[in-house]
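*Asks:*
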């Protein structure tokens, strides 16, 4: 197929002689032009399918006898002003640039590794915004170029790349919303859901299905010979060359695959609502759907519908240089812009998931405290009345006694008292040095020993109240208690007697013996 239609060819105007022609008031050697197969066209260009020059006034070149042109201007030069495609394209390019910045801010403020309403969609956001910027800014030269060439091709390529990226954003938002509902459900009970059932298998295969259809759409639409799309230098050439390429079977198949990808998004949303937020009726199910999805799903379906329209009607395709900008921007660009705006707004209103989980855990803890009858003191209570010098054992005994309210088990403590001499330790050696063997010193040692024995008794009572063996002391098969009151395991044994100059030794493990 020739680059120019034959009906656009003009005859060279007559000149001073048979080997001379005059173009825009300048004489050209007709023999040289014919030797190099140059043809004059009605759009004011001179071309031999390898070179193309403008011939109208202020751009007319000069031809030397050896076939060399001077002061030439290529046919593919930005000579025209901004048209109906360029002005909205500039605005869209700026919008997608700002959207990329706001997306990064939203991701940083919502969660360090996850963004608003979605997980792992940051690459899709970046790809969609980048392709939108490139397609919007290249639309400037689509209008300015005298004859269409690479600006139209780049504008079309980046627009087709932006389509699956936008659907990927919607998919990731729906998928992450489902995972967020699952996370809230399993946080109180990690074993409430099985990972090997039908639900788990669906959630494993759904991303593979969606991205499989997305890549099929990409391979059908983008990797191709785009040069024939730029052959729109005349109406007849557009119909004969560009239109068949823009409406071939690959574009139609790509639209079908894109529709299947959209159905996968819809199925994923229905799946998440069925398992994580079940409702008794369809109306309540729709009412419980996040408002962002009620808007983005119809908008993404509009994108898919325009793909079908562009694949079957070249007159409404964005690949058509003469297509109405109102149709291109209202059906091909407006839904994408609205989807980005909706998710940007939702990102600023969406809570931080980690903080939300912490809040839910705090509420569950307060509910458990009310069920057990435990009243937490306000923060100022500890500063005014709290015992700041309590050890860990003392704090444990106090908290356990407040929660359980168990009576003191005197018989258990009596059975636990084992007469044992204190083991030599650095702590006891220091006490012997500090406390003398006078009657006053011995009385002080006995007082401290009784106080620490009472503390150990409270710890044992708290442990008994929390971890009472089956059948009470000395019964059951869980822990064997011997006649001396010691557990059959290597538990702790406390001494009930004291000696002068040392406090009772507490054996906490076999390493102390």
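Residue numbers (the UniProt record's numbering): 1 to 513. Backbone N, C-alpha and C fix where the C-beta goes; we use that ideal spot for every residue, glycine too.
Determine the burial state of residue 67: buried for a count of at least 16 other Cβ atoms within 10 Å of its Cβ, exposed for fewer.
*Replies:* Under this definition residue 67 is an exposed residue.
*Asks:* For residue 13, I'd like the list of residues in its chain whose CB is within less than 8 Å of its CB, leaving aside the five on either flank, ordered along the chain.
*Replies:* The residues are 21, 22 and 23.
*Asks:* Under three-state DSSP, which class holds residue 96?
*Replies:* Note: residue 96 maps to helix in three-state DSSP.
*Asks:* Going by C-alpha distance, which of 447, 244 and 400 is nearest residue 459?
*Replies:* Among 447, 244 and 400, the Cα nearest to that of residue 459 is on 400.
*Asks:* Of all the CB atoms in chain B, is at least one closer than 8 Å to the CB of residue 202?
*Replies:* Annotation note: the requested chain B is absent from the structure, which comprises a single protein chain.
*Asks:* Do you know how far the Cα of residue 266 is from the Cα of residue 221?
*Replies:* Approximately 23 Å, taken between the alpha carbons.
*Asks:* Is the closest heavy atom of the ligand GDP to the C-beta of residue 338 under 7 Å?
*Replies:* What this structure holds is no ligand at all, so the ligand GDP is not there to describe.
*Asks:* Please report the distance separating the alpha-carbon of residue 142 from that of residue 93.
*Replies:* Distance between the alpha carbons of residue 142 and residue 93: 14 Å.
*Asks:* Buried or exposed: where does residue 339 fall if 16 or more other Cβ atoms within 10 Å of its Cβ makes it buried?
*Replies:* It is buried - the Cβ of residue 339 has at least 16 other Cβ atoms within 10 Å.
*Asks:* Which first and last residues belong to the alpha helix (DSSP H) in which residue 32 is found?
*Replies:* 30-35 is the span of the alpha helix (DSSP H), which, as asked, contains residue 32.
*Asks:* Three or more beta-carbon pairs under 8 Å between the stretch 165-182 and the stretch 142-156, yes or no?
*Replies:* Not touching, per the Cβ criterion.
*Asks:* I need the boundaries of the beta strand (DSSP E) containing residue 39, first residue and last residue.
*Replies:* Segment 39-41, the beta strand (DSSP E) holding residue 39.
*Asks:* Where does residue 217 land, buried or exposed, given buried means 16+ other C-beta within 10 angstroms?
*Replies:* Residue 217 should be labelled buried.
*Asks:* DSSP on residue 23, reduced to helix/strand/coil?
*Replies:* Residue 23: strand per DSSP, three-state reduction.
*Asks:* DSSP beta-bridge partners for residue 238?
*Replies:* None; residue 238 has no bridge partner.
*Asks:* Skipping 5 residues on each side, what residues in its chain have a beta carbon closer than 7 Å to that of residue 18?
*Replies:* Cβ neighbours of residue 18 beyond the five flanking positions: none.
*Asks:* Is there contact here, the stretch 51-59 with the stretch 245-258, by at least three beta-carbon pairs under 8 Å?
*Replies:* No, the stretch 51-59 does not touch the stretch 245-258.
*Asks:* Which residue or residues does DSSP assign as beta-bridge partners of residue 75?
*Replies:* Bridge partners of residue 75: none, in fact.
*Asks:* Hey, how far is the Cα of residue 305 from the Cα of residue 191?
*Replies:* So the alpha carbons of these two residues sit roughly 43 Å apart.
*Asks:* Give the single residue among 451, 455, 210 and 353 whose Cα lies nearest to the Cα of residue 395.
*Replies:* Here the closest residue by C-alpha is 455.
*Asks:* Terminal residues of the continuous beta strand (DSSP E) containing residue 53?
*Replies:* It spans 52-54 - the beta strand (DSSP E) in which residue 53 sits, taken as one unbroken run.
*Asks:* Determine, using beta carbons only, whether residue 169 and residue 343 come nearer to each other than 8 Å.
*Replies:* Yes.
*Asks:* Is residue 146 near residue 84, with beta carbons less than 8 Å apart?
*Replies:* Their beta carbons are not under 8 Å apart, which means residue 146 does not touch residue 84 by this criterion.
*Asks:* Tell me the start and end of each unbroken alpha helix (DSSP H) in the stretch 138-204 that is at least 4 residues and wholly inside, in chain order.
*Replies:* 150-186, all fully within the stretch 138-204.
*Asks:* Out of curiosity, what's the CA-to-CA distance linking residue 447 and residue 457?
*Replies:* Rounded to the nearest angstrom, the two C-alpha atoms are 15 Å apart.
*Asks:* Given this structure, state the Cα-to-Cα distance separating residue 54 from residue 33, to the nearest angstrom.
*Replies:* Each residue's alpha carbon lies about 15 Å from the other.
*Asks:* Going by other Cβ atoms of all chains shown within 10 Å of its Cβ, with 16 needed for buried, is residue 475 buried or exposed?
*Replies:* The predicted model places residue 475 with a pLDDT of 43, which falls under 50 and marks its position as unreliable, so this point remains unresolved.
*Asks:* Measure the C-alpha to C-alpha separation of residue 489 and residue 464 and round it to an integer number of angstroms.
*Replies:* With a pLDDT of 41 at residue 489, under the threshold of 50, the modelled position of that residue is not reliable, and no figure is offered here.
*Asks:* Tell me whether the beta-carbon of residue 263 lies closer than 8 Å to the beta-carbon of residue 307.
*Replies:* No, they are not a contact pair.
*Asks:* In angstroms with no decimal places, state the Cα-to-Cα distance between residue 230 and residue 172.
*Replies:* So the alpha carbons of these two residues sit roughly 35 Å apart.
*Asks:* Using a 10 Å radius around the Cβ and a threshold of 16 neighbouring Cβ atoms, would you call residue 133 buried or exposed?
*Replies:* Residue 133 comes out buried.
*Asks:* In whole angstroms, give me the CA-to-CA distance for residue 315 and residue 48.
*Replies:* Cα to Cα, residue 315 sits roughly 30 Å from residue 48.
*Asks:* To the nearest angstrom, report how far apart residue 202 and residue 268 are at their CA atoms.
*Replies:* Cα to Cα, residue 202 sits roughly 9 Å from residue 268.
*Asks:* How about residue 182 and residue 76: do their beta carbons lie closer than 8 Å?
*Replies:* Result no, Cβ atoms of residue 182 and residue 76 do not sit closer than 8 Å.
*Asks:* What does a CB cutoff of less than 6 Å around residue 151 pick up in its chain, not counting 5 residues either side in sequence?
*Replies:* Excluding positions up to five away in sequence, the list reads 138, 141, 142 and 145.
*Asks:* Using DSSP's beta-bridge definition, name the partner residues of residue 62.
*Replies:* 70, per the DSSP bridge assignment.
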